[in-house]
Ligand SMILES: O=C(O)CCC(=O)/C=C/C=C(\O)C(=O)O
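Numbering (UniProt numbering), first residue to last: 1 to 289.
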């Protein structure tokens with residue numbers, strides 16, 4: 001990194017933008033990192049205290065070093081983006097937010113990496129705006145709908161609900177213990193950062209509970225429309241995912257015409273963090289070829 005290269009920190013890359021997308025008028029927060037002809041957008045998951053930076057901090061640097069511009073969008077209702085109560089499809093809401101962001105900052109076409117809710121939202125965006133996507137990388141999500149093997153809601157999703165309703169350190173630890181395969185990799189600093197994120201925006205937590213009460217199916221099942229997504233797609237899953245089970249990933253590769261699947265053993269719902277080095281190499285290879 002030279003003196004003229006901005007530091008790779010959340011604060012140094014933090015940006016705000018106001019979007020107007022139909023009747024959606026919101027201030028969104030995002031991180032804008034690196035420069036390059038091609039842009040990779042990363043969309044985070046729906047856990048309390050999640051953000052682009054919290055979900056993807058182990059994945060930014062290799063992409064920037066390889067010459068990509070990286071945009072981390074904080075979805076409406078998370079982190080420093082505006083609050084919202086969402087009673088419709090949250091996947092579509094996030095897709096509209098991404099369209100608004102791209103229009104506002106002049107991005108015509110992007111590759112998208114989506115984690116869980118972010119993956120559901122990536123598919124919603126690809127369906128709505130097929131000419132504006134390059135390649136897609138989906139982890140632990142891509143469509144709502146039932147697992148064929150695991151009772152729904154899964155234990156992880158139940159623990160997220162409990163954490164939203166009672167954002168305590170005990171409930172955070174219960175959730176994170178199921179979130180990753182090896183909970184001993186979670187440090188006190190990580191728990192504290194996550195707790196601070198959560199408690200900084202109690203309005204987001206309350207709005208998520210209101211939204212889920214008004215419409216428990218925030219992420220619709222796009223299984224019947226997957227065949228319309230022609231973008232090359234890399235689906236990555238944790239064998240031990242206790243939030244969105246592996247068979248949802250299998251359903252994606254059956255439905256998406258141009259998809260391939262990689263399954264990590266000893267991996268929960270956070271593949272990009274739990275297996276960051278290999279994940280990053282796979283993403284770079286997939287984007288380049
Ligand atoms: O309900 C679903 O299908 C999506 C659940 C989801 O998005 C969970 C994600 C959790 C995180 O990414 C997080 O807490 O960091």
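We treat Cβ as the ideally placed atom computed from N, Cα and C, and that holds for glycine. Computed from a prediction, not measured in an experiment: that's the story for all the values here.
Pairing residue 117 with residue 217, the inter-Cα distance amounts to about 12 angstroms. With distances taken between CA atoms, residue 145 lies nearest to 243 out of 104, 243, 194 and 40. Separation of residue 246 and residue 271 (C-alpha to C-alpha, rounded to the nearest whole angstrom) is 12 angstroms. DSSP, read as helix, strand or coil, puts residue 262 in strand. Cβ-Cβ separation between residue 215 and residue 87: approximately 5 angstroms, consistent with a contact (criterion under 8 angstroms). Annotation for residue 222: 123 and 143 place their beta carbon closer than 6 angstroms to its own, counting only its chain and skipping 5 residues before and after. Looking at the DSSP output, residue 21 shares a beta bridge with 24. The three-state reading of DSSP puts residue 234 in strand, counting E and B together. The beta carbon of residue 107 sits closer than 7 angstroms to those of 39, all from its chain and outside the five residues before and after it, given in chain order.
When distances are taken from the beta-carbon of residue 184 to the heavy atoms of ligand 1, even the shortest one reaches 7 angstroms or more.
Leaving aside the five residues that flank residue 99 on each side, the residues in its chain whose CB is nearer than 8 angstroms to its CB run, in chain order, 21, 125, 128, 129 and 132. The closest heavy atom of ligand 1 lies less than 7 angstroms from the beta carbon of residue 244. Sorting 56, 64, 205 and 48 by C-alpha distance to the C-alpha of residue 156 places 48 at the top. In this structure, ligand 1 has no non-hydrogen atom nearer than 7 angstroms to the beta-carbon of residue 168.
Bounds of any beta strand (DSSP E) do not take in residue 217, whose DSSP letter is neither H nor E. In chain order, 127 and 130 place their CB closer than 8 angstroms to the CB of residue 228, counting only its own chain and leaving out the 5 sequence neighbours on each side.
At least one heavy atom of ligand 1 lies less than 7 angstroms from the C-beta of residue 54. Of all C-beta pairs linking the segment 73-86 to the segment 197-205, three or more are shorter than 8 angstroms, placing the two stretches in contact.
Looking at the DSSP output, residue 39 sits in a beta bridge with 69.
Here residue 32 is bridged, per DSSP, to 71. Across the set 283, 68, 162 and 274, the C-alpha of 274 shows the shortest separation from the C-alpha of residue 183. Taking 4 residues as the minimum length, the alpha helix (DSSP H) runs contained wholly in the segment 163-196 are 169-179, in order along the chain.
When secondary structure is reduced to three states using DSSP, residue 15 falls in the strand class. For the pair residue 208 and residue 50, the Cα-to-Cα distance works out to about 12 angstroms. The beta carbons of residue 286 and residue 137 sit closer together than 8 angstroms. Within the same chain, Cβ atoms closer than 6 angstroms to the Cβ of residue 18 are found at 27, the five residues on either side in sequence being excluded.
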